[in-house]
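Under the UniProt record's numbering, residue 296 is the last one in the sequence shown; the count climbs by one each step, no gaps.
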Amino acid sequence: MAPRIVVAGSANMDLVGLAERLPRPGETVLGDDFLMMPGGKGANQAIAATRAGGHTCFLGAIGSDSFGVSLNAQLNGAGVDMTHVRTTYGVSGVAVIMVDRAGENSILVAPGANNAFTGLTEAEKATIADGDVLLCQQEIPVETVIEAARAARAGGTRFVLNAAPARELPPELLEHVDLLVVNEVEALSITGGDDIDVPALLALVPRVVLTLGGAGSRYADRDGRDEHVPSYRVQVTDTTAAGDAFTAALAVAWGEGRDLVEAVRWANAAGAACVRKVGASNSLPTRAEIDEIYRG
């Protein structure tokens, strides 16, 4: 039976420009191509979790504009349960993304309707309580993330927080986190200082996954387990949404009851599969694509 994954988060329309290199401040660079596709960390992770084999319900707010129509169509088409998604009068969230030929990117996000996703309804709370895993990020109001976390704790649903983009994490949120997923920049933002301090993270939450880009990932918990999980070598085309593919696959694998280190290994394969394609939602891998890399 597929694990029930609830993703409470953002949905954006991604406007993607491809160029030989990223422009410096004040500079105009002639681009190679332009793509427009649905994205946002919440929507990306909902689609990724569905493709990875989860039964996924998305909770969030989408605008009433033409971008919103496309976002709803893409998520529905991907098989995501959109029963409780809100439609907000006005503009949807937008992300302006620049990608160079080495696959590196620069992203600006205008939240739009995502900022209106506040005050969870009883139906939304019940959906969270019925899930196996709740997955949240930080592109929606922090008050909503806290409210969702409390609903998860009340319902016995495991809560995975992908603390991206980096911002302050209030204690009332951290106390409900079962698994924290961060990259190196986000880890430094949380603990301060110049070096990654995993023990400091474990003082805040019981389990941590630290993503290390091409170096793989690190899993640590309060039981003393601390393991580096190597990455898979693939040709990198675009790193956009690789973190979303990783985190969603991790949530699905944990929801299936896998050992967390093996879940991280499988999630590494999902991230590797994602970077082989350009774009966000269209590059998120299927379960078969993840397994192909995972099994070598």
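We treat Cβ as the ideally placed atom computed from N, Cα and C, and that holds for glycine.
(request) Compare the C-alpha of phenylalanine 67 against each of Val99, Asp81, Thr88 and name the closest. (result) Translated into positions along the sequence shown, residue 67 becomes position 67. If we check each option's Cα against that of phenylalanine 67, Thr88 comes out closest.
(request) Please report the Cβ distance between alanine 251 and alanine 102, rounded to the nearest whole angstrom; I am assuming they are in contact, meaning their Cβ atoms lie under 8 angstroms. (result) For this step, residue 251 is matched to residue 251 along the sequence shown. For this step, residue 102 is matched to residue 102 along the sequence shown. Not a contact, Cβ separation roughly 29 angstroms.
(message) Do glutamate 289 and alanine 263 count as a contact pair if the criterion is CB distance below 8 angstroms?
(response) As a working mapping, residue 263 is identified with position 263 in the sequence shown. As a working mapping, residue 289 is identified with position 289 in the sequence shown. Contact: no.
(request) Check whether the Cβ atoms of alanine 116 and alanine 151 lie closer than 8 angstroms to each other. (result) Here residue 116 corresponds to residue number 116 of the sequence shown, with the count starting at 1. Here residue 151 corresponds to residue number 151 of the sequence shown, with the count starting at 1. Contact flag unset, no.
(request) Have a look at leucine 71 and leucine 59 and give me their C-alpha separation to the nearest angstrom. (result) Locating residue 71 in the sequence shown gives position 71, counting from the first residue. Locating residue 59 in the sequence shown gives position 59, counting from the first residue. So the two alpha carbons sit approximately 13 angstroms from each other.
(request) Grab me the residues of arginine 265's own chain with a C-beta within less than 6 angstroms of its C-beta, minus the 5 sequence neighbours each way, in chain order. (result) The sequence position of residue 265 within the sequence shown is 265, counting from 1. Contacts found: Val229.
(message) As a quick exercise: from Ala245, Val278, Asp33, pick the residue whose alpha carbon is nearest that of alanine 269.
(response) Residue 269 sits at position 269 when you count from the first residue of the sequence shown. Among Ala245, Val278, Asp33, the Cα nearest to that of alanine 269 belongs to Ala245.
(message) According to DSSP, is alanine 19 part of a helix, a strand, or is it coil?
(response) By 1-based counting over the sequence shown, the position of residue 19 is 19. Three-state result, alanine 19: strand.
(request) For the alpha helix (DSSP H) holding arginine 287, just list the boundary residues, first then last. (result) For this step, residue 287 is matched to residue 287 along the sequence shown. Counting along the chain, the alpha helix (DSSP H) containing arginine 287 begins and ends at 287–294.
(request) Between the Cα of glutamine 138 and those of Ala154, Leu180, Ile97, spot the shortest distance and give me the residue it belongs to. (result) Taking the sequence shown and counting its residues from 1, the one referred to as residue 138 is at position 138. The shortest Cα separation from glutamine 138 among Ala154, Leu180, Ile97 belongs to Leu180.
(message) Less than 6 angstroms between C-beta atoms, sequence neighbours within five positions excluded: which residues of the same chain meet that for cysteine 57?
(response) The count along the sequence shown starts at 1 and reaches residue 57 at position 57. If we look at cysteine 57 and ignore the five residues flanking it on each side, its Cβ neighbours are Val6, Asp81, Thr127.
(request) State buried or exposed for valine 109, treating a residue as buried only when at least 16 other CB atoms are found within 10 Å of its CB. (result) Numbered from 1 along the sequence shown, position 109 holds the residue referred to as residue 109. By the neighbour-count rule (16 or more Cβ atoms within 10 Å), valine 109 is buried.
(request) Following the continuous beta strand (DSSP E) through threonine 191, name the residue where it begins and the one where it ends. (result) Position 191 of the sequence shown, counted from the start, is the residue given in the question as residue 191. For threonine 191, there is no enclosing beta strand (DSSP E); the enclosing alpha helix (DSSP H) has its first and last residue at 184–191.
(message) Please report the straight-line C-alpha distance between leucine 260 and glutamate 172, rounded to a whole angstrom.
(response) Your numbering for residue 260 matches position 260 in the sequence shown. Your numbering for residue 172 matches position 172 in the sequence shown. For leucine 260 and glutamate 172, the distance between alpha carbons rounds to 25 angstroms.
(message) DSSP three-state label for proline 171, please.
(response) For the purposes of this step, residue 171 is taken as residue 171 along the sequence shown, with counting starting at 1. Note: proline 171 maps to helix in three-state DSSP.
(message) Using only the alpha-carbon positions, how far apart do aspartate 33 and alanine 19 sit?
(response) Residue mapping note: residue 33 aligns to position 33 of the sequence shown, counting from 1. Residue mapping note: residue 19 aligns to position 19 of the sequence shown, counting from 1. Taking the straight line joining both Cα atoms gives about 7 angstroms.
(request) Give the DSSP bridge partners of glycine 178, in chain order. (result) For the purposes of this step, residue 178 is taken as the residue at position 178 of the sequence shown. The question names glycine, but residue 178 is aspartate in the sequence shown. None; aspartate 178 has no bridge partner.
(request) Tell me whether the beta-carbon of valine 133 lies closer than 8 angstroms to the beta-carbon of glycine 296. (result) Taking the sequence shown and counting its residues from 1, one reaches residue 133 at position 133. Taking the sequence shown and counting its residues from 1, one reaches residue 296 at position 296. No, the pair does not count as a contact, with Cβ atoms beyond the cut-off.
(request) Kindly indicate which residue of Ser64, Gln45, Ser283 has the alpha-carbon position closest to the one of histidine 55. (result) Counted from its first residue, the sequence shown places residue 55 at position 55. Ranking Ser64, Gln45, Ser283 by Cα distance to histidine 55 puts Gln45 first.
(request) Compare the beta carbon distance of leucine 204 and leucine 174 with 8 angstroms and say whether it is the shorter of the two. (result) Translated into positions along the sequence shown, residue 204 becomes position 204. Translated into positions along the sequence shown, residue 174 becomes position 174. Between leucine 204 and leucine 174, the gap from beta carbon to beta carbon is short of 8 angstroms.
(message) Judging by CA-CA distance, which residue of Arg233, Ala95, Ala78 is the nearest neighbour of methionine 36?
(response) Walking along the sequence shown from the start, residue 36 turns up at place 36. Ranking Arg233, Ala95, Ala78 by Cα distance to methionine 36 puts Ala95 first.
(request) Determine the closest residue to alanine 78 out of Asp291, Tyr294, Asn282, with distance taken between C-alpha atoms. (result) As a working mapping, residue 78 is identified with position 78 in the sequence shown. It is Asn282.
(request) For alanine 220, name the three-state secondary structure that DSSP assigns. (result) Counting from one through the sequence shown, the residue named residue 220 turns up at place 220. The answer is strand: DSSP assigns alanine 220 an E or B state.
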